[in-house]
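Taking it in order: structure first as structure tokens, then the write-up.
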Amino acid sequence: MSAHVRFDPPPPDIRTAARFVLEARPKPPADLGSRISRDSRHKRSHTGAKRAQYRKKRKFELGRQAANTKLGPKRIHEVRVRGGNKKFRAMRLESGTYSWGSEAVSRSTRIVAVVYNASNNELVRTNTLVKGAIVQIDATPFRQWYENRYAKVLGKKKRQAAEEDKSDATKARSRHLLAKIAARKGAVDPALDSQFGSGRLYAIITSRPGQSGRCDGYVLEGKELEFYLRKIRNKK
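Using the working numbering, read the sequence shown as starting at 1 and increasing by one per residue.
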């Protein structure tokens with residue numbers, strides 16, 4: 001017959017030290033099961049049957065939260081992705097490089113506001129920058145380039161006389177340079193010219209801010225500009 005052995009509890013100071021060691025250990029994430037996953041094993045079958053879980057989740061099946069890039073001071077996160085590559089998750093952006101296609105010129109300019117998005121009006125209200133969104137950009141860099149190249153004032157009806165005197169279109173030039181400028185043809189669409197008068201141009205975003213960390217695109221012209229102007233007017 002075995003004798004009863006009594007174990008006395010450890011002194012309080014040892015128990016306290018052990019508790020502190022356990023609390024200092026890194027804790028796993030609160031809920032591993034609710035993360036975004038792109039696999040189909042966790043989905044029910046087409047008949048409604050629940051599938052058996054025969055293996056754990058895999059890293060290559062993960063999904064990440066959308067960037068929902070906002071309009072504001074530049075803020076970009078670097079994300080390590082498959083293969084050791086990097087993505088640049090733009091949290092906030094306030095400028096980008098935009099191309100004026102008919103003149104074959106690109107300029108970095110400030111983004112003023114989001115005015116239209118075909119997928120969701122909520123993205124317009126919150127000024128969310130995504131691919132395909134229509135934005136208003138500052139026209140100043142393009143106006144300065146045009147006036148310097150063609151010696152013509154854009155948006156003249158709405159421009160003040162004092163501002164015209166300071167523009168690149170009225171500065172002194174040599175006869176040789178004036179002959180070169182005269183040979184150039186700088187015809188601008190009236191709808192685009194009126195936008196220069198207001199100081200803002202409509203442009204479309206063609207880059208993916210949540211993937212590349214950039215908000216680039218091109219200025220809307222011609223039939224495409226007419227189409228989106230109708231959409232914007234109908235929305236209002």
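Where is the CB? At the ideal position from N, CA and C, for every residue including glycine. Because the structure is a prediction, the values reported are computed rather than measured.
Whole-angstrom C-beta distance between residue j and residue i, which should lie under 8 Å
| i | j | result |
| --- | --- | --- |
| residue 205 | residue 133 | 5 Å |
| residue 99 | residue 109 | About 11 Å; that fails the 8 Å criterion. |
| residue 199 | residue 140 | 7 Å |
| residue 88 | residue 213 | 3 Å |
| residue 72 | residue 37 | With a Cβ gap of about 31 Å, residue 72 and residue 37 do not count as contacting. |
| residue 51 | residue 44 | 7 Å |
| residue 207 | residue 131 | 7 Å |
| residue 60 | residue 80 | Rounded, the Cβ-Cβ distance is 14 Å, inconsistent with contact. |
| residue 189 | residue 222 | 7 Å |
For residue i, the three-state DSSP class (helix, strand or coil)
| i | result |
| --- | --- |
| residue 266 | Residue 266 is absent from the model: the chain starts at 1 and stops at 236. |
| residue 96 | strand |
| residue 235 | helix |
| residue 84 | helix |
| residue 202 | strand |
| residue 128 | strand |
| residue 37 | strand |
| residue 162 | With a pLDDT of 47 at residue 162, under the threshold of 50, the modelled position of this residue cannot be trusted; read the value that follows with caution. Residue 162 falls in the helix class under three-state DSSP. |
| residue 228 | helix |
| residue 51 | coil |
| residue 57 | coil |
| residue 44 | coil |
| residue 222 | helix |
| residue 64 | coil |
Residue from the options with nearest C-alpha to residue i
| i | options | result |
| --- | --- | --- |
| residue 144 | 107, 136, 38, 123 | 107 |
| residue 138 | 196, 55, 45, 35 | 196 |
| residue 54 | 102, 151, 40, 120 | 40 |
| residue 90 | 211, 223, 81 | 211 |
| residue 57 | 42, 47, 48, 65 | 42 |
| residue 97 | 215, 61, 142 | 215 |
| residue 136 | 130, 111, 34 | 111 |
| residue 150 | 121, 190, 103 | 103 |
| residue 234 | 19, 46, 121 | 121 |
| residue 224 | 142, 209, 101 | 101 |
| residue 209 | 66, 187, 126, 148 | 66 |
| residue 142 | 125, 105, 230 | 105 |
N- and C-terminal bounds of the alpha helix (DSSP H) containing residue i
| i | result |
| --- | --- |
| residue 147 | 140–150 |
| residue 191 | 190–198 |
| residue 219 | Taken as a continuous stretch (DSSP letters only), residue 219 belongs to no alpha helix (DSSP H), being part of the beta strand (DSSP E) at 217–219. |
| residue 124 | 122–125 |
| residue 211 | 209–212 |
Close-in-space but distant-in-sequence residues of the same chain around residue i (CB under 6 Å, 5 per side omitted)
| i | result |
| --- | --- |
| residue 146 | 154 |
| residue 75 | 91, 92 |
Same chain, Cβ closer than 7 Å to residue i, neighbours up to 5 away in sequence not counted
| i | result |
| --- | --- |
| residue 128 | 68, 69, 70, 114 |
| residue 220 | 202, 203, 204, 228 |
CB contact check: residue i to chain C, cutoff 8 Å
| i | result |
| --- | --- |
| residue 222 | Of the protein chains in the structure, only one exists, and it is not chain C. |
Cβ neighbours of residue i in the same chain (closer than 8 Å, five flanking residues each side left out)
| i | result |
| --- | --- |
| residue 78 | 86, 87, 88, 89 |
| residue 226 | 191 |
| residue 49 | none |
| residue 123 | 114, 117, 130, 133 |
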